[in-house]
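Its first residue numbered 0, the sequence shown is counted upward by one per residue in numbering that gives the first Met the number 0. A virtual CB, placed ideally from N, CA and C, is assigned to each residue, including glycine.
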Amino acid sequence: MKIEIDTSFVRDAKKLSEPVLDELKIVNQILGEAQSLDDVVYSIKKMEGSRKVKAFRLRLSENSDYRIGFYLEGDTIVLSRILNRKDIYKKFPPKK
Numbered sequence: 000m001k002i003e004i005d006t007s008f009v010r011d012a013k014k015l016s017e018p019v020l021d022e023l024k025i026v027n028q029i030l031g032e033a034q035s036l037d038d039v040v041y042s043i044k045k046m047e048g049s050r051k052v053k054a055f056r057l058r059l060s061e062n063s064d065y066r067i068g069f070y071l072e073g074d075t076i077v078l079s080r081i082l083n084r085k086d087i088y089k090k091f092p093p094k095k
């Protein structure tokens, strides 16, 4: 799958600690090599209230409090946010 990265994702990633960034690199590699979301072994769930766009969240690892918010557009994953668990559900997907 192709991966695109929003500026908000980059902004969020700059605030992360080194261990979380290491986990993020691994997840990024796995997402890039996957043919579909079914190939990804991480915890992916569709976000509620995301009927018009396919918005998902992915937990970095079993012990991680961080989640990646992303959109699925065809065979492209658009990484939108990476936030702590307590914040991701407030800020992703954005309410209009």
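Identity of the residue in the options nearest residue i by Cα
| i | options | result |
| --- | --- | --- |
| Met46 | Ile2, Glu3 and Tyr88 | Tyr88 |
| Leu82 | Ile2, Ser7 and Met0 | Ser7 |
| Lys53 | Asp21, Lys24 and Thr75 | Thr75 |
| Glu3 | Val19, Asn27, Glu22 and Asp21 | Asn27 |
| Ser63 | Pro93, Val39, Leu20 and Gly73 | Leu20 |
Own chain residues within Cβ distance below 6 Å of residue i, not counting five before or after
| i | result |
| --- | --- |
| Gly68 | Arg56, Ser79, Arg80, Ile87 and Phe91 |
| Leu71 | Lys53 |
| Ser60 | Glu22 |
| Met0 | Ala33, Asp74 and Ile76 |
Residue i versus residue j - alpha carbon distance
| i | j | result |
| --- | --- | --- |
| Leu30 | Asp11 | 19 Å |
| Asp5 | Lys51 | 19 Å |
| Tyr65 | Lys85 | 9 Å |
| Lys14 | Ile43 | 23 Å |
| Glu32 | Pro93 | 28 Å |
| Arg58 | Gly73 | 21 Å |
| Ile25 | Val39 | 12 Å |
| Pro18 | Asp37 | 26 Å |
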